[in-house]
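Sequential numbering of the sequence shown, starting at 341, is according to the working numbering.
Glycine included, C-beta positions come from ideal geometry on N, C-alpha and C.
Source: prediction; values computed, not measured.
Single-structure report; data block below.
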Amino acid sequence: MRRNFADVLHSSGVDCAAEYFSLHNLLFRRFGLYSLIELRFDSIWFRDTTVSLRDFNQRHSFFFEDFSGDEDIDDLLDLCEYVYNFASALLEIVHGEDYGLCVEAIDHVERLVDKLDYVAYDEDGLTVFVPRNDRIIAAAEVAPEDVAPDLVKYDYRGLEGDLPGKRAILLRVCNTLEPKREKLKVLSKGLENDLFFLANNLNIRHNNTDPSHLATYRAAVAQMGDGELEGWYDSLRGMCAASFLLLSYAENEDELKRLKTQMRSDGPA
341 MRRNFADVLH
351 SSGVDCAAEY
361 FSLHNLLFRR
371 FGLYSLIELR
381 FDSIWFRDTT
391 VSLRDFNQRH
401 SFFFEDFSGD
411 EDIDDLLDLC
421 EYVYNFASAL
431 LEIVHGEDYG
441 LCVEAIDHVE
451 RLVDKLDYVA
461 YDEDGLTVFV
471 PRNDRIIAAA
481 EVAPEDVAPD
491 LVKYDYRGLE
501 GDLPGKRAIL
511 LRVCNTLEPK
521 REKLKVLSKG
531 LENDLFFLAN
541 NLNIRHNNTD
551 PSHLATYRAA
561 VAQMGDGELE
571 GWYDSLRGMC
581 AASFLLLSYA
591 ENEDELKRLK
601 TQMRSDGPA
């Protein structure tokens, strides 16, 4: 059966190579954004000690000019972050048609990452994109400000397989939950017990892999493969997110009780 135009669009999914090609064209078209970046590079706040765009690209291994046609999701996201951050930086210093170029690029990337089901995350003023996880985002919204970004950043593709990086995030988050441990135990003894068991025995808060540390050494952890250990780290992050949501509910529990009491006293409408 012949498909109409709408059917084709709705069933096409996301072709990373095709999306890369479109964004690549937007960046490198004649008198486009790339030319503007080269022209105004001296005004880019994150250029550090690089003296030209070519110097910047070579130093950070950003080689986007060639297009192979087999780019994957990571290649596409790398290009999205490159375009988005440069366009955002230029947006503050250009006017007229140049301003329009930046707005067009930012709008394109925002629509694309939404299509990919990713969300923006701010890290020291720069934007990176992480997979959308509504449960984690909800937890970050109620978590303390100093660790809320960590809950989201944990999913960044650059942290996949990076055990020290994930360990550092989990250490900060678990230390933030420590003062709330008794409250959490009242709300869910099982969650509190499992969360801090993992935090204290997976080489996060203590050295569990060095036999010379007799009090904290865990042979099972020392012999555990990186993939299995990372899986437990991921589970722990999920437990931390659940804990923040549960603690937030408890904080609003008294208000909910007052509302219930008021409604009972009001009687039937």
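Check: For the segment 487 to 495 against the segment 507 to 518, are there 3 or more C-beta pairs whose distance is under 8 Å?; Outcome: yes
Check: Leaving aside the five residues before and after Glu-359 along the sequence, list all residues of the same chain whose C-beta is less than 7 Å from its C-beta, in chain order.; Outcome: Leu-416 and Leu-452
Check: So, is Lys-455 buried or exposed, given that buried needs 16 or more other C-beta atoms within 10 angstroms?; Outcome: exposed
Check: Do Val-561 and Asn-533 have their beta-carbon atoms positioned less than 7 Å apart in this structure?; Outcome: no
Check: Any chance the segment 583 to 595 sits against the segment 518 to 528, with 3 or more Cβ pairs inside 8 Å?; Outcome: yes
Check: Do Leu-393 and Phe-404 count as a contact pair if the criterion is CB distance below 7 Å?; Outcome: no
Check: Measuring straight from C-alpha to C-alpha, what distance separates Asp-303 and Arg-577?; Outcome: There is simply no residue 303 to check, as the chain begins at 341 and stops at 609 in what is shown.
Check: Ordered along the chain, which non-local residues of its own chain (more than five positions away) have a Cβ less than 8 Å from that of Gly-626?; Outcome: Given that the chain is displayed from residue 341 to residue 609, the structure contains no residue 626 and the question cannot be resolved.
Check: Quick check: what's the CA-CA separation for Leu-517 versus Val-487?; Outcome: 10 Å
Check: For Pro-519, which three-state DSSP category applies?; Outcome: helix
Check: Where Pro-551 and Gln-563 are concerned, what is the direct C-alpha to C-alpha distance, given to the nearest angstrom?; Outcome: 12 Å
Check: Would you be able to state if there are at least three C-beta pairs under 8 Å between the segment 415 to 432 and the segment 462 to 470?; Outcome: yes
Check: Please state whether the Cβ-Cβ distance between Phe-426 and Ile-377 is less than 7 Å.; Outcome: yes
Check: Whole angstroms are fine: how far does the CA of Thr-389 sit from the CA of Pro-504?; Outcome: 28 Å
Check: Quick one, are the C-beta atoms of Val-459 and Tyr-424 less than 7 Å apart?; Outcome: no
Check: What's the call for Leu-430, buried or exposed, on a 16-neighbour Cβ count within 10 Å?; Outcome: buried
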